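Asker: Counting in the numbering used here, the sequence shown runs from 253 upward without gaps.
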Amino acid sequence: MHLVPVYLVSSSILMYLYHSMPIEFVFGCVAASIFPLAIHHSIRAKKHLLNGVLVHYYKINLLQNNGMDGNKRLAVNLLVVGSTLTPILFATAIAIKLASDYGMKLSYSFFVDFEEDFLGISVRFFVVQMVYMYQYAFPVIVGIMCGVFYYEFSEIFSRFRKDLKSKGSSMNREDILSCMRMYTSLFEVVHDLQNAISLPCFFFLCTQLTVMFCTIAMFVLTRAEHFSTPHLFETALIIIMAIPSVVGTVLCGSRINTQYQKTQTAIVFLKDRLIKQAYYDETIVCYLNLMIDKEFPIMSACGIVQLTPNFMLGMFGSLFTYSLLILNLKK
């Protein structure tokens with residue numbers, strides 16, 4: 253894990269010194285090389301919190317008589333397998349075509365000009381595979397992990413709301429106590445989830461944003477006649493991997509706040525229906541008020557950006573504006 257970023261940083265510096273790579277692009281490549289390592293260490297640092305969240309999920313699912321069904325598990329497995337195989341296939345194609353781009357060929361061959369024989373192709377193949385798994389596959393798999401954690405909690409929230417609505421105005425003290433305990437558990441788990449996922453999610457977003465910015469810069473600044481087949485393959489891979497992973501993770505994170513807002517509305521409606529009755533239990537209304545007063549946090553990446561559709565639109569808007577700025581400077 254640590255050797256790949258060292259190689260990528262060294263490669264970027266050598267490309268700047270001997271192949272006139274713009275210094276701004278070097279900084280971007282160095283940052284994009286370091287962020288996956290930061291993801292790795294953030295997950296190690298939060299490992300005990302992640303295990304704690306999984307234990308909470310298991311207990312709550314037992315109380316709700318529910319769990320991840322086979323279709324969801326299959327979908328997650330397919331996403332992970334697809335995120336692993338896609339870079340492998342692209343890396344294989346790029347390793348075969350690298351001979352057409354001398355600069356890229358050197359950067360993936362330890363800056364040794366190997367002959368186009370078995371040894372040279374094997375070295376390139378090995379290096380490209382290692383780099384692509386580290387820089388493209390690993391962050392996406394972490395993004396899938398974050399998305400699954402977020403989505404599963406939102407599903408638990410959704411089931412709680414449906415259970416609350418099914419009880420309706422016929423709710424008794426035993427029912428409200430059960431709901432209150434569950435809501436308190438959800439309140440604790442959502443804060444544990446935020447503490448566990450926030451830092452890995454932040455570095456995941458940093459990785460993908462940096463990679464996309466560097467790709468746009470390279471695509472815009474490189475002349476059409478200098479754009480090789482390996483460059484096109486690499487750009488296509490980044491578009492396929494980075495954009496959907498960011499969109500999926502942000503939408504899964506924002507789904508928690510959506511379910512929270514729906515649950516709050518359901519609690520308010522239930523309280524209003526109880527108050528409209530001629531006789532109602534004030535204890536039940538008191539518990540409902542306590543549930544209404546609990547404010548669940550909006551999922552965020554290290555408290556810096558909130559995972560909402562507005563953030564996603566702003567991010568892609570910034571990428572578009574950045575590409576237009578580069579085009580204007582180029583002209």
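For every residue, glycine included, the Cβ atom is placed at its ideal position computed from N, Cα and C. Quantities reported herein were computed from a predicted structural model and do not represent experimental measurements.
#1: Hey, could you find the ends of the alpha helix (DSSP H) Ser406 is sitting in?
#2: Taking only three categories from DSSP, how would you classify Val364?
#3: Does the segment 287-294 come within contact of the segment 448-456, defined as at least 3 CB pairs closer than 8 Å?
#4: How is Ser506 classed by DSSP in three states: helix, strand or coil?
#5: Can you grab the Cα-Cα spacing for the pair Gln584 / Arg411, in whole Å?
#6: Distance check for Ile275 and His300, CA to CA, integer angstroms please.
#7: If I follow the unbroken alpha helix (DSSP H) through Gly304, where does it start and stop?
#8: Can you give me the Cβ contacts of Ser497 inside the same chain, cut-off strictly under 6 Å, excluding the 5 residues immediately before and after it?
#9: How far does the alpha helix (DSSP H) with Lys357 in it reach, from first residue to last?
#10: Quick one: using the 10 Å Cβ neighbour count with 16 as the cut-off for buried, is Thr436 buried or exposed?
#11: Closest to Ala284 by C-alpha separation, out of Ile550, Leu429, Gln387, would be which residue?
#12: Would you call the CB atoms of Tyr403 and Cys504 closer than 7 Å?
#13: Would you mind reading off the limits of the alpha helix (DSSP H) that contains Ile536?
#14: Could you tell me the distance, in whole angstroms, from the CA atom of Cys538 to the CA atom of Leu306?
#15: Given a cut-off of 7 Å on the beta-carbon distance, is the pair Phe401 and Ile449 in contact?
#16: Taking one C-beta from the segment 460-471 and one from the segment 568-575 each time, how about it: are there three or more such pairs within less than 8 Å?
#17: Helix, strand or coil for Gln387? Go by DSSP, reduced to three states.
#18: What does the alpha-carbon distance come out to for the pair Val472 and Gly555?
#19: Check the DSSP bridge columns for Gln558 and list the partner residues they point to.
#20: For Met567 versus Ile508, is the C-beta spacing smaller than 7 Å?
#21: Quick one: is Pro257 buried, meaning 16 or more other Cβ sit within 10 Å of its Cβ, or exposed?
#22: Take every Cβ of the segment 335-351, pair it with every Cβ of the segment 479-498, and state whether three or more of those distances are shorter than 8 Å.
#23: Would you identify the three-state DSSP class for Ser374, choosing helix, strand or coil?
#24: For Phe521, which of Leu331, Ala327, Lys419, Pro339 has the nearest alpha-carbon?
#25: Let me know if Pro339 comes out buried or exposed under the rule of 16 or more other beta-carbons within 10 Å of its beta-carbon.
#26: Determine whether the beta carbon atoms of Phe390 and Pro288 lie at a separation below 7 Å.
#27: Does the Cβ-Cβ distance between Phe377 and Lys546 come in under 7 Å?
Answerer: On the basis of the supplied data:
#1: 390-419
#2: coil
#3: yes
#4: helix
#5: With the chain covering 253 to 583 only, the question about residue 584 has no answer from this structure.
#6: 40 Å
#7: 299-315
#8: Val392, Gly395
#9: 354-359
#10: exposed
#11: Gln387
#12: yes
#13: 534-545
#14: 31 Å
#15: yes
#16: yes
#17: helix
#18: 33 Å
#19: Ser552
#20: no
#21: buried
#22: yes
#23: helix
#24: Lys419
#25: buried
#26: yes
#27: no
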